[in-house]
Structures are given as structure tokens and as C-alpha cells.
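Taking full-length UniProt numbering, I'd label the letters of the sequence shown as residues 1 to 344. As C-alpha cells, the structure follows; a few thoughts come after it.
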Amino acid sequence: MFGLSSDIGVDLGTASVLVYVKGKGIVLREPSVVAINKDTGRIIAVGEEARRMLGRTPGNIVATRPLREGVIADYDVTEKMLRYFINKANGKKWFFRPRVMVCIPSGVTGVEERAVRQATIQAGGRTAHLIEEPLAAALGAGIDISEPSGSMVVDIGGGTSDVAVLSLGGIVVSRSIRVGGDKFDEAIVRYIRKEFSLMIGERTGEEIKVEIATAHPQRTGERVMQIRGRDLITGLPKAVTVSSHQIYNAIEEPLEAVVGAVKEVLEVTPPELAADIVNKGIVMTGGGALLNGMDTLLSEETGLPVYVADDAISCIALGTGKALAMMNVLPKQKSSKLFKKVMG
Numbered sequence: 001m002f003g004l005s006s007d008i009g010v011d012l013g014t015a016s017v018l019v020y021v022k023g024k025g026i027v028l029r030e031p032s033v034v035a036i037n038k039d040t041g042r043i044i045a046v047g048e049e050a051r052r053m054l055g056r057t058p059g060n061i062v063a064t065r066p067l068r069e070g071v072i073a074d075y076d077v078t079e080k081m082l083r084y085f086i087n088k089a090n091g092k093k094w095f096f097r098p099r100v101m102v103c104i105p106s107g108v109t110g111v112e113e114r115a116v117r118q119a120t121i122q123a124g125g126r127t128a129h130l131i132e133e134p135l136a137a138a139l140g141a142g143i144d145i146s147e148p149s150g151s152m153v154v155d156i157g158g159g160t161s162d163v164a165v166l167s168l169g170g171i172v173v174s175r176s177i178r179v180g181g182d183k184f185d186e187a188i189v190r191y192i193r194k195e196f197s198l199m200i201g202e203r204t205g206e207e208i209k210v211e212i213a214t215a216h217p218q219r220t221g222e223r224v225m226q227i228r229g230r231d232l233i234t235g236l237p238k239a240v241t242v243s244s245h246q247i248y249n250a251i252e253e254p255l256e257a258v259v260g261a262v263k264e265v266l267e268v269t270p271p272e273l274a275a276d277i278v279n280k281g282i283v284m285t286g287g288g289a290l291l292n293g294m295d296t297l298l299s300e301e302t303g304l305p306v307y308v309a310d311d312a313i314s315c316i317a318l319g320t321g322k323a324l325a326m327m328n329v330l331p332k333q334k335s336s337k338l339f340k341k342v343m344g
């Protein structure tokens with residue numbers, strides 16, 4: 001296309017979408033939320049504007065998250081959201097459609113993979129390429145995965161947590177579980193309802209997680225936060241104070257699931273690569289890596305050094321951008337065959 005079409009990398013996350021444009025870096029970072037008028041089917045708002053509407057809309061408007069647990073839950077809405085973000089990042093260059101690289105969790109099925117490709121093409125991509133999240137996260141974190149040496153990445157996103165051991169530019173062992181930031185939020189909402197008979201929304205659950213949640217209460221100081229919601233007994237608004245130790249009790253189960261996945265991958269890692277990981281340690285990426293004490297918890301449970309990547313939230317988007325420039329180097333994961341089917 002005479003160099004006029006852009007190459008775009010998309011981190012199509014359950015909680016947020018990040019868009020990387022070749023030569024410009026990350027140009028867009030928005031929540032993956034869409035507000036729709038139920039009567040007309042028209043999209044009212046996308047991204048941050050729609051997120052502010054969550055739980056606060058009148059009857060005819062619904063604010064929805066079209067991706068759940070790392071995969072497409074509502075195809076039509078996802079396609080419209082992708083189109084909006086691609087146009088916003090690329091400008092409306094109708095004749096020069098961009099090549100788009102989208103990241104997917106390592107455990108997706110063929111049907112889920114195909115849905116992402118198809119939505120990307122329909123949303124305005126000239127070609128749709130997929131890259132697995134651990135591979136993109138490793139590239140974005142600056143790990144040299146081309147060497148015959150083992151590197152371990154733990155990516156904790158909004159919908160999924162991906163654990164992988166990489167070597168020679170590919171994934172040797174991986175495990176993807178549908179536990180991420182959303183499951184932490186849900187666990188907090190359930191705990192507050194059970195312990196305080198107080199109903200709070202998803203957004204409040206997320207705010208509690210960011211402000212005072214901890215994965216290791218012994219190493220982090222006790223913090224408290226006042227939260228407001230609806231009393232389930234009286235039906236009236238009420239405020240209560242919660243502590244970080246109480247929130248740890250709320251999120252203990254999803255934390256154990258993430259630690260369990262890491263241990264499972266380590267158990268089946270070839271011994272030579274395991275020796276490399278002892279030297280290099282584990283690199284954590286994704287929003288979940290920023291949970292207070294998460295690195296300390298993983299380090300204690302595995303006995304390995306654990307590092308949080310510099311810009312943990314942006315790692316996957318940066319990695320998809322780097323992958324666009326390495327298209328010939330990265331292993332072709334069934335791409336040409338599936339792509340022909342999509343276009344046909």
C-alpha cells in the first residue's frame with residue numbers, strides 16, 4: 001500500500017484496550033466498555049465515557065463489557081468497539097486499511113480464535129494476525145526470547161492469567177486460567193455482601209482492589225477504606241469501613257488459583273529451562289502484577305526471584321507492536337490457513 005497504511009497492535013483486554021501504532025507507540029488506552037441504546041441498537045459511548053456509565057444508566061441504555069474472561073462474549077458489540085478504536089488510532093483512511101496484530105490468551109479454542117480474526121477484519125483490518133499473550137508480554141517487557149534459554153512470564157490480566165516458559169522465540173510450556181482482575185473484583189463484591197450485608201457495584205469493587213487490596217498482608221501495612229453502597233436489610237444507603245486484611249480474605253481463592261497455575265507450569269518445565277529460570281527469575285506483567293504484595297507472594301511460594309515489568313500494564317500492547325516488525329521471525333501459528341477461511 002505504498003507505505004500509507006499503518007501497522008497496528010491491539011491488546012484486546014477484558015478490562016481495557018490498548019492500541020499501538022507503528023512509529024508512534026501506544027496512542028490509545030481505554031476501558032473495553034460500550035454503552036448502547038437498547039431501543040435503537042445505536043452505540044452511545046465507547047471507552048472511558050462508557051465506563052463512567054456502568055451501573056448508572058436509565059432503562060433504555062445499557063453499559064456492557066463485550067469481552068469476558070479474555071474472549072469475545074458479544075461479537076457484534078466487540079466488532080463495533082474495535083472499529084471505533086482502529087478508526088480513532090489510525091484516522092479514517094478507508095483506502096489504506098491497516099495490518100492489525102491482536103493478542104489472545106494462550107488457552108483459547110479455535111472458535112474463539114476465529115471470532116477475534118473475523119471481528120478484526122470486519123472492523124477495518126486489512127489482515128488480522130494473532131499473537132499469544134505470554135509471547136507479547138515477554139517482548140513488551142524487553143526479554144530476549146530468541147536465545148536458547150528459558151524465560152518465564154506470568155501475565156495477570158482482567159479476564160485471564162497466562163503463565164508460560166519461553167525459549168527460541170516460542171512457547172515451550174503454558175497454562176491459561178480464566179482468573180484475573182475481574183475475579184478479584186467479583187470476590188470483593190461477594191465478600192462485602194456476605195460480611196456487611198452491603199451491596200456494592202463492580203466499579204466500587206475495583207476501587208477497593210486498587211486502593212487497599214493486598215496479596216501478602218504480613219509484608220504490607222494495614223490500610224482501611226470507607227465504602228458506600230445499599231444496605232440489603234433496610235434497603236437504604238450505608239457506609240462501612242473495610243481493612244486490607246479483610247480484603248485479603250476476600251481474594252484468597254483467586255490468588256491461590258494464580259499461584260497454582262504458576263506451580264503447574266514449573267512442574268512440567270524441562271530441567272534445562274528450569275535451571276535458566278532459577279537464574280533469571282519470573283517476570284510479571286499485566287494489571288494484576290501491580291496488586292500490592294503479589295510479587296512477594298509468588299516469590300515465597302516458588303522460591304524464585306520475581307520481578308514486576310517496568311510498565312506492566314502496557315507490556316502486551318508494546319509486545320504486539322514489536323511483533324509486527326518481527327512477522328517473519330515469529331512462528332506462524334496456523335495463520336495463513338485460518339486467514340484464508342475468514343476472507344473466503
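Just so it is clear, CB atoms sit at the ideal spot from N, CA and C, and this is done for glycine as well.
Report yes if the CB atom of residue i is closer than 9 Å to the CB atom of residue j, and no otherwise.
i: L130; j: I145; result: no
i: A275; j: R29; result: no
i: G157; j: G140; result: no
i: S314; j: L12; result: no
i: G142; j: V172; result: no
i: S106; j: S174; result: yes
i: residue 348; j: S167; result: Absent from the model: residue 348. The displayed extent of the chain is 1 to 344, so no value can be given.
i: L198; j: G229; result: yes
i: residue 379; j: L255; result: This structure cannot speak to residue 379, because the chain is shown only from 1 to 344.
i: A89; j: S32; result: no
i: I8; j: L324; result: yes
i: V163; j: L82; result: no
i: M152; j: G321; result: no
i: T269; j: A137; result: no
i: G55; j: A63; result: yes
i: G47; j: Y84; result: yes
i: H245; j: M294; result: no
i: G288; j: Y307; result: no
i: E206; j: R223; result: no
Could you check which residue in the options has the C-alpha nearest to that of residue i?
i: E69; options: K24, E186, K322; result: E186
i: G59; options: V21, G201, A89, I36; result: I36
i: D155; options: I8, I44, E132; result: E132
i: E252; options: K88, T302, F184; result: F184
i: T14; options: G201, V116, N249; result: V116
i: K112; options: T120, V71, G91, G124; result: First, the amino acid is wrong: residue 112 is Glu here, not Lys. Checked all of T120, V71, G91, G124; the closest Cα to E112 is V71.
i: M225; options: A213, P66, R52; result: A213
i: I26; options: D39, I86, A50, V77; result: I86
i: T302; options: V240, K238, V262; result: V262
i: T241; options: T220, V108, E195, G319; result: E195
i: T220; options: S243, L236, A239; result: S243
i: V34; options: S299, Q122, M53; result: M53
i: E202; options: K238, K24, R51; result: R51
Per DSSP, residue i forms a beta bridge with which residues?
i: L67; result: I72
i: T285; result: D155
i: C103; result: I131
i: Q226; result: T241
i: Y307; result: V283
i: residue 345; result: An answer regarding residue 345 cannot be provided, because it is not within the stretch 1 to 344 covered by the chain.
Since residue i and residue j are thought to touch, with beta carbons under 8 Å apart, how far apart are those beta carbons, to the nearest angstrom?
i: G124; j: R97; result: 6 Å
i: I247; j: I208; result: 6 Å
i: I104; j: K80; result: In fact, because the Cβ distance is near 19 Å, the residues do not count as touching under 8 Å.
i: I227; j: T204; result: 6 Å
i: N279; j: Y191; result: Actually they do not touch by this definition, with Cβ atoms about 39 Å apart.
i: S161; j: V258; result: 5 Å
i: V265; j: V179; result: Contact doesn't hold; Cβ gap of about 14 Å is too wide.
i: P66; j: T78; result: 4 Å
Shorter than 8 Å, the distance from the beta carbon of residue i to the closest heavy atom of the ligand FAD, or not?
i: L236; result: Within the structure as shown, the ligand FAD is missing, as the structure has no ligands at all.
To test your reading of the DSSP string, which unbroken alpha helix (DSSP H) runs of 4 or more residues are found completely within the stretch 2–61?
48–51
Tell me the start and end of each unbroken alpha helix (DSSP H) in the stretch 130–203 that is at least 4 residues and wholly inside, in chain order.
133–140, 181–196
Which runs of the alpha helix (DSSP H) spanning at least 4 residues fall entirely within the stretch 229–281, listed in chain order?
244–267, 271–280
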